[in-house]
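Novice: Note that the numbering used here has the sequence shown beginning at 38, numbered continuously upward.
For reference, the structure I am asking about is given below.
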Amino acid sequence: MLGKQTAKSPKSRNTGLSVPSPVGELNNGNPHRPDGFKDKVSGIRRTAAGEILLRMNKASDESTGRLQKAIQDAIGEQAEVKAIADKVTVEIRDIAEWTTSDEVLEALFQAIDCDLSSEAVPKLRQAYQGTQTATLTLPKNIADHILNLGKMRIGWAVCRLRAKLEPRRCIKCLNFGHIAARCRNKLDASKLCFNCA
Numbered sequence: 038m039l040g041k042q043t044a045k046s047p048k049s050r051n052t053g054l055s056v057p058s059p060v061g062e063l064n065n066g067n068p069h070r071p072d073g074f075k076d077k078v079s080g081i082r083r084t085a086a087g088e089i090l091l092r093m094n095k096a097s098d099e100s101t102g103r104l105q106k107a108i109q110d111a112i113g114e115q116a117e118v119k120a121i122a123d124k125v126t127v128e129i130r131d132i133a134e135w136t137t138s139d140e141v142l143e144a145l146f147q148a149i150d151c152d153l154s155s156e157a158v159p160k161l162r163q164a165y166q167g168t169q170t171a172t173l174t175l176p177k178n179i180a181d182h183i184l185n186l187g188k189m190r191i192g193w194a195v196c197r198l199r200a201k202l203e204p205r206r207c208i209k210c211l212n213f214g215h216i217a218a219r220c221r222n223k224l225d226a227s228k229l230c231f232n233c234a
């Protein structure tokens, strides 16, 4: 007898900071060098774009913002330090057809009591039987909090919440499970559409 299969959430990476390559200002002689954060950083590596990625221990920690400011102060105007975090796409189903995206955002604010980024704008599309479906991309910690609710009231409707999982797809060979930067396939199907391949 087969057991019930559940969808696995994607493997979570730690929150990190992306620092552009010219970080010569962070050498030992710099008085602004941020040394007090060594226990907060779990790893460091260079990205494919040539930037330096600092992986942080905790996904949502105030030390990430303080380290970002300290590095920005140390390198000055040479480059911009960006904080990056995992994002999850949340899908809200069964929304009434007359509901606007502003009403969806207002219901989210009331449900979770925390700030949503300005990027979190729900995209509404028509669904079956006169309902709408909203999708929005949120940081993982906020999305997990919303998804734990299971359902929420928006206007007159009680709406279902779920994570929208999209598998990785290579734009070179059009296969699933990897991206073009790590593609080993010799076939170049990039000129074909996704449906024809």
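Idealized CB from N, CA, C, for every residue including glycine.
All of these numbers come straight from a predicted model, not from anything done at the bench.
1. Is residue 132 helix, strand or coil when you go by DSSP?
2. Compare the beta carbon distance of residue 189 and residue 144 with 8 Å and say whether it is the shorter of the two.
3. Throw me the rounded Cβ distance for the residue 213 and residue 206 pair, which I believe falls under 8 Å.
4. Give, in chain order, every unbroken run of the beta strand (DSSP E) that is at least 3 residues long and sits entirely within the region 179 to 231.
5. Just to confirm my understanding: we take residue 196, look at its own chain, exclude 5 residues before and 5 after, and list those with CB closer than 7 Å. What are they?
6. From the DSSP output, in three-state form, read off residue 145 for me.
7. Shortest alpha-carbon distance to residue 203 belongs to which of 174, 122, 179?
8. Measuring CA to CA, which of 229, 80, 92, 192 is closest to residue 147?
9. Rounded to whole angstroms, what's the CA-CA distance from residue 226 to residue 208? Just pull it up for me.
10. Helix, strand or coil: how does DSSP classify residue 61 here?
11. Taking residue 119 as part of the beta strand (DSSP E), name the residues at either end of that continuous run.
Specialist: Once the coordinates are examined:
1. In this structure, residue 132 counts as strand in the three-state DSSP scheme.
2. Taking 8 Å as the cut-off, the Cβ atoms of residue 189 and residue 144 count as close.
3. Taking 8 Å as the upper bound for CB-CB distance, residue 213 and residue 206 are in contact here, some 5 Å apart.
4. Entirely contained in the region 179 to 231, the beta strand (DSSP E) runs reaching 3 residues are, in chain order, 188 to 191, 194 to 200.
5. Closer than 7 Å at the Cβ level, and outside the excluded window around residue 196, lie 129, 130, 131, 132, 188, 189.
6. Of the three classes helix, strand and coil, the one that applies to residue 145 here is helix, per DSSP.
7. If you compare the alpha carbons of 174, 122, 179 with that of residue 203, the shortest gap goes to 174.
8. Among 229, 80, 92, 192, the Cα nearest to that of residue 147 is on 192.
9. Distance between the alpha carbons of residue 226 and residue 208 is about 8 Å.
10. Caution applies to residue 61, whose pLDDT of 47 falls short of 50 and renders its modelled position unreliable; the model cannot decide the point.
11. Start and end: 119 to 121.
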